[in-house]
Amino acid sequence: MDDSLFHASDLEPPLDSTEKTSQSPYPKFGKVTASFGDPDPPYEAAIASHALHNEIHGYPHFILREHMIRGLWSKHGWIMTIIGQELAKPEDQRLKWLMWHDRDTVLMNPQIPLDIFVPPESQFSNIHLVVTNDRNGLNNGVFMVRVSQWAFKLFASALSIREYQPDIPLKYTEQSGMEEAIKRPWWGNSVAYVPQRWFNGYLPDEKALRKGAPAVSRPGSLLIHFASNRDGLRPERMSLWGEIAKNRTVQWDKPVNQTGYLEEIAAYWDRVSKGESMESVVKDLGRRVWT
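Numbered by UniProt numbering, the letters in the sequence shown go through residues 1 to 291 in order.
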């Protein structure tokens, strides 16, 4: 890496509870994640990498530190808790959307606002969930969900699959439970599948970037999701890229209008609104290279 691209920047410590923003007492977007057990430095640093982004845009950050449900299913329980908490408020005081992110995500570009990823309300008020697929199907490491009764019921449905349909194989536990739920027409009609690299991209390499690989993040992307740890070196990779994020390189930390986001996102929703399938739009946009 070229050190000349770096300049120093300090990040704020991680947030563990809702905080009011300086801009508005009622923020419209929030983040949700979970991390259990003794503090693990690479993962704590990854969560902390979101702090500057939260400060700039006024996002409350809800972090679960204790298991609510056995195994990974606490994810669904925690999301339901936050959504239920918001639905109990007067409507004008609620968050409108949440971004779930796994703890193995490093926030790379704090200048990207989350609201660019949600659908235009005038045409897509029926969309309550914005997700991405990878080669194995749904990857729910990062996704956007509307604060709504629909969303609360979706996660309740996903949680209930093990009890009411125990014959369904859930290879990826809670992720597979969520995928099975949104396959059903009543849920599926309110789900948007978008390009993975918008907000759930994996670690890039030069070859992938030249080819416009659809699964990897690009310089200027919101974050990097370190989903794989087959070689046991994920903590080292997270630490390396966490330092790059902390130093705010000019390659990665740039205003949204200097990235390919706005044009690509507008093209996606325009094409979907005209009847083109989400799958075909994602496939086409995923191959494009940002200039």
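Ideal Cβ positions, reconstructed from N, Cα and C, are used throughout, including at glycine.
Residue i, DSSP secondary structure in three states
i	result
L222	coil
N139	strand
T81	helix
W100	strand
V272	helix
V145	strand
V281	helix
V256	helix
Through-space distance from residue j to residue i, alpha-carbon basis
i	j	result
W97	G232	34 Å
V130	K183	14 Å
F117	G220	15 Å
R234	D205	15 Å
K274	M68	43 Å
K171	N136	10 Å
R197	P166	33 Å
A51	G260	24 Å
residue 311	N257	The chain is shown only over 1 to 291; residue 311 falls outside these bounds and no answer can be derived.
W73	D284	34 Å
R103	P42	10 Å
Q111	Y164	44 Å
S190	F36	31 Å
W187	A181	7 Å
K75	E179	14 Å
K254	R218	12 Å
F62	M238	21 Å
I265	N229	30 Å
W100	V216	19 Å
K28	G58	9 Å
V289	W252	15 Å
V194	V282	6 Å
H53	G286	25 Å
E12	R146	Summary for E12: the model assigns pLDDT 33, below 50, so the residue's position carries little reliability; its value from the coordinates is reported in the next sentence. Whole-angstrom Cα-Cα distance: 27 Å.
L64	P25	23 Å
L15	P39	Any reading at L15 is ruled out, since the residue's pLDDT is 34, under 50, leaving its predicted position unreliable.
K207	G242	22 Å
T21	I168	For T21, the predicted structure reports a pLDDT of 43, less than 50, and the residue's modelled location is therefore unreliable. A value from the coordinates is still provided. Approximately 43 Å, taken between the alpha carbons.
Q123	F143	20 Å
N140	T132	7 Å
L203	K89	39 Å
P120	Q85	25 Å
L223	E55	16 Å
N109	P60	18 Å
L95	P214	30 Å
D270	A48	35 Å
L262	F199	13 Å
Short CB-CB distance (under 9 Å) between residue i and chain D
i	result
F143	Here there is only one protein chain, and chain D is not present.
N- and C-terminal bounds of the beta strand (DSSP E) containing residue i
i	result
Q34	Residue identity check: residue 34 is Ala in the sequence provided, not Gln. Run containing A34: F29 to A34, per the beta strand (DSSP E) assignment.
L64	H61 to L64
D134	L129 to D134
V106	T105 to L107
Residue i: first and last residue of the uninterrupted alpha helix (DSSP H) it sits in
i	result
F199	It is not in any alpha helix (DSSP H) - F199 carries neither H nor E in the DSSP assignment.
L233	Counting along the chain, L233 falls outside any alpha helix (DSSP H), and DSSP gives it neither H nor E.
A51	A51 to H57
Y43	P41 to A48
F124	E121 to F124
(request) Jot down the residue ranges of each uninterrupted beta strand (DSSP E) in the region 147-194, minimum 3 residues, whole runs only, in chain order. (result) 191-193
(message) Assess contact between the region 152-168 and the region 63-80, defined as three or more Cβ pairs (one per stretch) separated by less than 8 Å. Is contact present?
(response) yes
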